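Numbering (my numbering), first residue to last: 211 to 346.
Presented below is the structure to which this report refers.
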């Protein structure tokens with residue numbers, strides 16, 4: 211089943227973030243990107259881990275911080291990276307890994323940036339209010 215762009219935006223806008231790094235370590239501005247579940251289709255853990263390992267290799271020359279993007283109830287989680295790169299470079303990586311969108315963080319303002327899906331970049335509010343404990 212394929213989700214419409216508006217449904218994806220609604221799901222993405224509810225994402226919370228869990229990480230083990232200190233707040234002072236968070237790159238800003240930065241992209242939040244994953245290689246999990248290309249085109250929002252569920253793939254095996256093995257496939258997702260292999261793809262995310264390749265993404266981590268691609269970003270190994272820049273500053274990044276591992277972070278998990280999760281549903282509010284944490285029943286769905288995707289290991290991701292907060293990466294200190296330009297927005298165009300982040301979009302290029304997202305295209306390479308067939309991602310529908312990335313998050314872009316500037317200050318405390320979090321945006322959804324469509325990549326493979328239709329739509330315009332939108333602000334979804336405060337990043338800090340989405341940060342939760344990594345104890346799950």
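Beta carbons are placed, not taken as given, at the ideal position from N, Cα and C, and that holds for glycine.
All values derive from a computational prediction rather than experimental measurement.
A direct Cα-to-Cα measurement between residue 217 and residue 315 gives close to 21 angstroms.
The Cβ atoms of residue 227 and residue 341 lie closer than 9 angstroms to each other. A distance below 9 angstroms separates the beta carbons of residue 311 and residue 222. As a beta-bridge residue in DSSP terms, residue 321 pairs with 314 and 333.
Straight through space, the alpha carbons of residue 333 and residue 256 are spaced by roughly 33 angstroms. Between the C-alpha atoms of residue 252 and residue 276 there is a straight-line separation of about 21 angstroms.
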